[in-house]
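What follows is a set of notes on a single structure, which appears directly below.
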Amino acid sequence: MIMAGENEYGKEGAAGRRKVGVYVCHCGGNISDHVDVGEVCRRIEKIPGVTSVQNNVFMCSDPGQELIMKDIRSGAADRVVVASCAPNLHEATFRNAISRAGGNPYIYEHANIREQVSWVHHGAAATEKAIRLIAAAAAKAERLEPLTPIRLEALRHATVVGGGIAGLKAAIDLAKRGVEVAIIETSPFLGGRAAQLDRLAPSGESAAQVISELAGRVLNHKSITVHTCARIRTYQGYIGNFRIGIGREAPGGSGEWNESGKKDKPAPARGEFVPFAGVYAGEVLEIPEEFSIDTGIILLATGFKPYEPRRGEYGYKEFEGVVTLPEFIKMLALAGRGGDTLEIGGRQIKSVAMIHCVGSRMIPGIHEEDENGRLNEYCSRTCCTATLQTATTIRKTWPRTNVFEFYRDIRTYGRGQEELYAEAARASVMFLRFDPEEPPVVGKSEDNDGYALYARVKDKLTFGEEILAPVDLVVLSAGMEPNDVSDMVAMMKLPVGADRFLQEVHPKLRPVELSVAGILLAGTCQAPMDTGEACAAASAAAVKASAVLSRGYVELDPFVAEVDGDKCRGTGACVQACLKEGALELVETLDGGEKALRAQVNAAFCIGCGACAAVCPEGAINVKGWTLNQYEAMLDAIVSDDLFEEERPHATAG
Amino acid sequence: MESGVKKFDALVLGGGIAGLEAALNLAELNFSVAVVEKDASIGGKMIRLSKVFPTLDCASCITTPKMAAAAHHNNITLFTYCDLVSLSRNGRGLRAQIRQKPRYVDADKCIGCRQCEYACPVYVSDPEQGDFAARKAVYIPFSNAIPQIALIDTQNCMLCGKCEKVCPTGAVDYLQAPQDFTIESKTAVIATGFDVTPVENKPLYGAGKIPNVITALQMERLLAPHGPYNRVLRPSDGKLPDSVAYIQCAGSRDQTTGIPYCSRVCCMYAIKQAMLLSGSLPLADITIYYIDIRAFGKGYEQFYQNAAAMGIQFVKAKPVIVGSGEGGGVVLRYEAQEDGGRIVTAEHDLVVLSLGLVPGRAPGERAAAPTGPDGFIAVPRPRTAPAVTEVEGVFVAGTACGPKDIVDTIAEAGAAAMEASNYLRE
Amino acid sequence: MNKTGKILILATESCAYPGANAVGQAHSSYPANTYILRVRAPVLFPERFYLECFEKGIWGVIIMSCGVECPYHGAYEALAKRMDRVFAMMKQRGLDTQRLRLTSICTVCTRSFLKEVQQMNEIITKLGPPGAERARAGIPGQNGVMASGG
């Protein structure tokens, strides 16, 4: 019967074994009305290894804590058990008391005899259970080792991948906090997709102005370095200490000029906004170069690309006059103002059909998968408002151009968006609602009605009436797809969702963190969102990054796996069972002059789940502070009847 | 009584999920933070929910760790059951007048043991359980409240003295008075949250007088694992409902109630509740009457499609409540847009109003920064600085600046903390 | 002294352990033969730990996990697989597999907690001490004599 530590656990300490102090709380009657505290103390005193047993009306009070501190200071105890309420209430209180008395806070174990005993059990059974739980806690306490949190130095440097609105915002936030920032952008421009817009919905700010302002602050900040036409090629390290290899190429090679940029044009001035391209960041290379950056945090803001409709989808690339919303926004910005009717490329546009949910909200069995078997089942969130804004602009600028919107649900969820919807209705935008099973049909007009195309739908707003809208132009509200970052996903082992966007740690409470510590995400690489939402996410990611970088170190729980070098035989079972990439590996070491494989823990990666401890045939790996030995000792204490023997002289062996 | 000035780097108004997230972010940057909460517990609306969409995580399980983290953080001080009286400029910083409302229980002495609660002879309907269950006149707000400190509801207490007698620490203090104090801070984050639209405003929904018409927040309690009945029952007679209906936009997108905007979360919470209902009442018919289904967030559309595939009926209509049916049901009338526009009368055992969101009501808090025409805190640069208000050094997060879901609130709280920390550095 | 056998409950610190505390806060009584150990992730325990529990006189074991909400990614799945092996080993040893149960308990799942405890108590009352089922079935013990339990 193992009641307390045997010699293998009692190696330390002058007296040869640990001295456990046990402190039992009455909780002003909450415990002592149901648990006989006197009886508890009397029995606990019999445990070998327990050197001090005290009780107090309120252990959490100053006099109660003083009992612990006195024993620690005098050496009467070097391990501590408090038996009181649930640990979430006062475990921290008692650990602090130990620290204040000069002890290590991790030599503490809690016995929960209020919520799990006196409040749910009564009489002798409550007292017996309290004794067994305290004995178990004492058995664990005797096997506890002092621990120190793991501290990793963190470089005060952040790398932001992507120079779109989210990347720019995050870089500015971080730089303001005194962090050195590198922006890695694949194009020669800053501003990303937002720079390819005209007005930002729903509030109508000029995209050029917003992007110029942000990019201007980035380009003028001494702590921010912008690397354009650049990609991450290599990656190694962990939170606080990453090293990434960057490749920069001359534009026109595989590094492209963004949309309108052409190499034969004279380069724009640094900081100049090029419409529908972004702010030119200056200095493009003639010869490719490679270099590496040491950085503490990587913040991904890699953005989205618009869905490219298939040939023939609503007549796209089949009929002239079928365009996507991003294409149309550009046409509209270049179209001359004046006149009652919109004119594009010299052609009068008397009537426009705008079709929502193109490449979004696709339903298996109804919509066709792409060549890779993928279907965008998600809502792209921003297209309704963007479409309504465009429709309203047309109606207000060219009152003789009619607009039909073909929609499933109008999703003007955000502040100012419902107002935009009402404004569109007031501006006589005509709304037609369709079922996904019966989408609108776009065709070439066959009679000479003066319109090139038609869009026909069974309109649910008029109880299923078939309505045919003769139009000159069909605009497809194409959804968002995440940019292809498969190279980084493979390199950094990033989780990706079924929707192909990067997968955050928790979709409610941790939206800007990835499961790889030290890598954050912001903006549309995570999910469709508008510019304001992308900026909020960027700042949220920046504040998480700042918390790590401004301290200059990362402090991690000490509860990580630890290998006992004497026992490890290098079977590799732990490495196989490990749930966290990079946390465990087999390394070659010298054992008695001979080469041998041994497991090695990388504490920066270990999550302390203990999956390794369960599988080691030698019992050579354990989670610090939560070892299997400790649990086995607790189990033994719970089943043992030693403390009760005087009443049961003929008890069977437990 | 003026009891001294307390100084902090940052003041966070509101201890809901937005305020806690902002406070934790600031505290992690080593700034000292005061969180002022009007209720007796932190946790806000989120801790009162059953589960959250689209993950169907237990709300308590993911909120309590945040609450505990804030409560235990060395850089955060919680001031619960406190009202903001005023917020004024103090040089570059701010000065907040705070009133600690009396709990009639000494917060330093109370150990949360609930002996008072067991001794109290007065039963009062418990709004924390949707008024479907009772609590005592002296009580701890709810099981996972932080702090676990009792308070006396003086409206209902009959001063029998039983709580005072049983209290093991002598914490009951019937003579406690409000205490005024001042917090001086360099910056502030407004995270004062929302209330739901008052049902009394809308005669078309029975103005709260027709039995078995409940609010979605009440349904949250019916669905919560620690709710009043441990199952979903019809409040009037305890019947297991065979048919449950949701009326969407009950109080939003409605000029007649003065709330033209979309409340942004009601579609998803209704779908979530419908999914949970179909689990607990597998045979019940569940109908959602809607104008547009706005499942716009990450994973939301897929959640909606799953709900439809599970057999939840989505009917495009805006019904009115006509009255009670013979068996205690609720009678609705609507134009069936998808059925030739005929007028349909339908009866459901239980009707849930998907009420909208309006700004939290505390007047001092509302005065902390200018509001927009919708009553929420105005944000002059929503595209690039969504957490910056019109007042220098004052930032905003969560539903204080417009309806939003939890994940958007979390991002915005991070943004508010980032802006505030940069303001502190300037 | 308690005559019925003991139930060991491994409760995860992020879900089930606070769930058990919520039962306490509600002062909902349940049998005192239940011993709750706080664990980070039950994936820590090897197959033999469960067998040892029964050998040492625990009559029933309930693993109260976080289920799929487990904060350690992949741990719940690994645990579920291990359970299959433990059940197989229990069968080999003539132990009724109902003595071991894997379940998920959330922080406010007080009623589920009480139900699990009640059900396990019914099972162990019916089965008796570990090994009794083997004796009934006439299977000789493989690992020595099973203890009768406290």
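Protein chains in written order, with the working numbering: chain A, 10 to 663; chain B, -18 to 407; chain C, 26 to 175. Glycine included, every Cβ here is placed at the ideal spot set by N, Cα and C.
Between residue i and residue j, which are expected to be in contact by the criterion C-beta below 8 Å, what is the C-beta distance as a whole number of angstroms?
i        : j         : result
C/Arg12  : A/Trp635  : Past the boundaries of the shown model lies residue 12 of chain C; chain C is included only from 26 to 175, so the question cannot be answered.
B/Ile267 : B/Ile(-2) : Contact flag wrong, Cβ pair sits at about 28 Å.
A/Leu199 : A/Gly287  : 5 Å
A/Pro504 : A/Leu523  : 7 Å
A/Tyr387 : B/Glu109  : A/Tyr387 to B/Glu109, Cβ: 36 Å. No contact.
Does the separation of the CB atoms of residue i and residue j fall below 9 Å?
i         : j        : result
B/Gly(-4) : B/Val16  : yes
A/Glu189  : A/Gly171 : no
B/Gly337  : B/Ser402 : no
B/Met399  : B/Asn6   : yes
A/Phe337  : A/Thr304 : no
A/Ser559  : A/Gly187 : yes
A/Gln639  : A/Leu153 : yes
B/Val339  : B/Ile240 : yes
B/Leu204  : B/Leu264 : no
A/Met489  : A/Lys339 : no
A/Ala526  : A/Ala613 : yes
C/Trp84   : C/Ile149 : yes
A/Cys34   : A/Val91  : yes
A/Ile616  : A/Ala622 : no
B/Arg84   : B/Ala21  : yes
A/Leu487  : A/Pro211 : The sequence given here places Ala at residue 487 of chain A; Leu does not occur at that position. No, Cβ-Cβ distance for A/Ala487 and A/Pro211 is not below 9 Å.
A/Leu511  : A/Ile53  : no
A/Gly561  : A/Arg123 : no
Straight-line CA distance for residue i to residue j?
i          : j        : result
A/Val219   : B/Thr365 : 8 Å
B/Phe(-11) : B/Phe60  : 13 Å
A/Glu432   : B/Gln236 : 14 Å
A/Val126   : C/Ile88  : 19 Å
A/Gly459   : B/Pro367 : 47 Å
B/Ser166   : B/Glu9   : 17 Å
A/Val521   : A/Ser83  : 48 Å
A/Leu240   : A/Ala531 : One detail in the question is off: residue 240 of chain A reads as Arg in this sequence, not Leu. Going from the Cα of A/Arg240 to the Cα of A/Ala531 covers about 18 Å.
C/Glu80    : C/Phe74  : 10 Å
A/Gly73    : A/Ser41  : 15 Å
A/Ser269   : A/Ala276 : Caution applies to A/Ser269, whose pLDDT of 46 falls short of 50 and renders its modelled position unreliable; the value that the coordinates give is listed next. One C-alpha to the other measures close to 12 Å.
B/Lys(-13) : B/Thr58  : 11 Å
B/Val333   : A/Gly111 : 58 Å
A/Gly374   : A/Tyr316 : 20 Å
B/Ile269   : A/Leu482 : 36 Å
C/Leu35    : B/Glu2   : 31 Å
C/Gly174   : C/Leu69  : Low confidence applies here, because C/Gly174 scores a pLDDT of 38, under 50, leaving its location unreliable; read the following figure in that light. Between C/Gly174 and C/Leu69, the C-alpha separation is close to 25 Å.
**Item:** Length at least 4, wholly inside the region 74 to 101 of chain B: the alpha helix (DSSP H) runs in chain order
**Value:** 96 to 100
Whole alpha helix (DSSP H) elements within the region 262 to 310 of chain B, 4-residue minimum
281 to 290
Cβ contact (3+ pairs, closer than 8 Å) linking the region 317 to 326 of chain B and the region 219 to 226 of chain B = no
### Query
At what residue ranges does the region 90 to 116 of chain A contain a whole run of the alpha helix (DSSP H), taking only runs of 4 or more?
96 to 109
Output the residue ranges of the alpha helix (DSSP H) runs that lie fully inside the region 308 to 380 of chain A and measure 4 residues or longer, sorted by chain position.
-> 334 to 343
_Cβ contact check for the region 99 to 115 of chain B and the region 64 to 72 of chain B: 3 or more pairs under 8 Å_ = no
Q.
Contact between the region 136 to 148 of chain B and the region 369 to 386 of chain B is defined here as three or more beta-carbon pairs at a separation below 8 Å; is this criterion met?
A. no
*Would you be able to state if there are at least three C-beta pairs under 8 Å between the region 124 to 139 of chain B and the region 85 to 92 of chain B?*
yes
Check: In chain order, which continuous runs of the alpha helix (DSSP H) of length 4 or greater are located wholly inside the region -14 to 55 of chain B?
Finding: -2 to 9, 40 to 53
### Query
Is the number of C-beta pairs between the region 144 to 152 of chain A and the region 510 to 521 of chain A that are closer than 8 Å three or more?
no
Which residues, in chain order, does the region 418 to 432 of chain A contribute to contact with chain F at a C-beta distance below 8 Å? Of the protein chains in this structure, namely A, B and C, none is chain F.
Given 8 Å, three or more beta-carbon pairs between the region 131 to 138 of chain A and the region 44 to 59 of chain C: yes
Exercise. If we count Cβ pairs, one from each stretch, closer than 8 Å, do we get three or more for the region 341 to 348 of chain A versus the region 361 to 368 of chain A?
Worked result: no
Which runs of the beta strand (DSSP E) fall wholly inside the region 15 to 72 of chain A and span at least 3 residues, in chain order?
29 to 34, 59 to 65
Q. Touching or not, the region 417 to 429 of chain A and the region 219 to 238 of chain A, by the rule of three or more beta carbon pairs under 8 Å?
A. no
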